[in-house]
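Step one of this worksheet: look at the structure below.
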Amino acid sequence: MSVEMHFTQSVSQLFLVMPVYNEQDCIKKVLIDWMTALSPLNIKISFIIINDGSTDQTSQILKNLEEEQKNSSIKLIILNVKNGGHGAAIMTGIQKAILLNDEKQRSFIFQIDSDDQFISQDFFKLWPFCNDYHFIFGHRQVRHDAPNRLIISSIMRILIKIFFNLNTFDPNIPFRLMEINALKKILKHLPSTLFAPNIFITILALSKFPEKCKQGIVVTHKRRATGKVSIMNFKLLKVCFKSLKQLIHFKFISSE
């Protein structure tokens, strides 16, 4: 029996949440690739695409693709929002999925970025764990990002260990499956404005559902071939300090 067919008994709905910002050169390819990869799943699937105030042709491409795919078995939902950053876009998509979710069914959110740095078939490395776990996290064992980003990620893992006594592989990984009802329980403890909500979702998931979290599933991470990273140099340093401040604050409020 195939992986796809076996897990239709456990999971009834899947929401793919993808924030997008200025990805005109790859967004159509990325979405079609993911729709093709997930279409064999015998479950209800919705793609929630959050267009985070793109200033290039991304908006038009998404509009055209939405029209082209209107008869597809996968529902394509485009949310055009004012630019608020990657973290805010993720939370907008998650909240939309929760709103659309049928609470009587077991549903998952799959959060993925739009920059074409992942391989869609790696989804099926995570999917088999949905029966037994609420949170399944990929791991970029080989990560093709700038050195400064890799250093920041290493520091973040160390700080999470110091502050929360949690061992993490890739706490900010944008390649994760999250069971909606479990996710709703931890979102109640999440501050409303976070630069990197994935980090805090990881912390809360490991803290509140330690036996229901699966980490360390190695997924392929490719070099970015199109577009450009929106946060670099001084801006990256600035948001790093912001995230550190939020992490320290979160440590104190979670200890109360």
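Heads up: the sequence shown begins at 1 in our numbering, then just goes up one per residue.
Just so it is clear, CB atoms sit at the ideal spot from N, CA and C, and this is done for glycine as well.
Own chain, CB closer than 6 Å to residue i, minus 5 neighbours either side, in chain order
{"i": "cysteine 26", "result": "Asp116 and Thr226"}
{"i": "lysine 44", "result": "Gln13"}
{"i": "histidine 86", "result": "Pro19"}
Cβ neighbour criterion (16 or more within 10 Å) applied to residue i
{"i": "aspartate 132", "result": "exposed"}
{"i": "leucine 99", "result": "exposed"}
{"i": "asparagine 172", "result": "buried"}
{"i": "serine 154", "result": "exposed"}
{"i": "alanine 146", "result": "exposed"}
{"i": "asparagine 101", "result": "buried"}
{"i": "glycine 216", "result": "exposed"}
Nearest residue (CA-CA) to residue i, options the options
{"i": "glutamate 103", "options": "Ala182, Asp33 and Leu159", "result": "Ala182"}
{"i": "tryptophan 34", "options": "Phe175, Phe195, Lys188 and Ile151", "result": "Phe175"}
{"i": "serine 54", "options": "Pro197, Tyr21 and Thr36", "result": "Tyr21"}
{"i": "phenylalanine 135", "options": "Pro19, Leu194, Asn51 and Pro210", "result": "Pro210"}
{"i": "isoleucine 109", "options": "Phe137, Ala88, Gln121 and Asn83", "result": "Phe137"}
{"i": "isoleucine 32", "options": "Asn51, Ser114 and Leu79", "result": "Ser114"}
{"i": "isoleucine 77", "options": "Gln57, Asn51 and Leu206", "result": "Asn51"}
{"i": "phenylalanine 250", "options": "Phe164, Gln215, Cys213 and Val219", "result": "Phe164"}
{"i": "isoleucine 199", "options": "Val219, Ile217, Arg157 and Asn83", "result": "Arg157"}
Collapsed DSSP secondary structure at residue i in the structure displayed
{"i": "asparagine 131", "result": "helix"}
{"i": "isoleucine 94", "result": "helix"}
{"i": "isoleucine 180", "result": "helix"}
{"i": "phenylalanine 164", "result": "helix"}
{"i": "lysine 44", "result": "strand"}
{"i": "asparagine 148", "result": "helix"}
{"i": "asparagine 80", "result": "strand"}
{"i": "glycine 258", "result": "The structure shown does not extend to residue 258, since the chain is modelled only from 1 through 256, so no value can be given for it."}
{"i": "isoleucine 158", "result": "helix"}
Own chain residues within Cβ distance below 8 Å of residue i, not counting five before or after
{"i": "lysine 222", "result": "Asp116, Gln117, Phe118, Ile119 and His144"}
{"i": "leucine 38", "result": "Leu14, Leu16, Ile45, Ile74, Ser120 and Phe123"}
Same chain only: Cβ atoms within 7 Å of residue i, ignoring 5 sequence neighbours per side
{"i": "lysine 28", "result": "Ile61 and Leu65"}
(request) Could you name each continuous beta strand (DSSP E) segment of 3 residues or more that falls completely within the segment 183-230, going from the start of the chain to the end? (result) Runs found: 213-218.
(request) Tell me the start and end of each unbroken beta strand (DSSP E) in the segment 97-127 that is at least 3 residues and wholly inside, in chain order. (result) Complete beta strand (DSSP E) runs here, min 3: 107-112.
(message) Please give the ranges of any beta strand (DSSP E) in the segment 11-72, keeping only runs that are unbroken, at least 3 residues long and fully inside the region.
(response) For the segment 11-72, whole beta strand (DSSP E) runs of length 3 or above, ordered along the chain, are 13-20 and 44-52.
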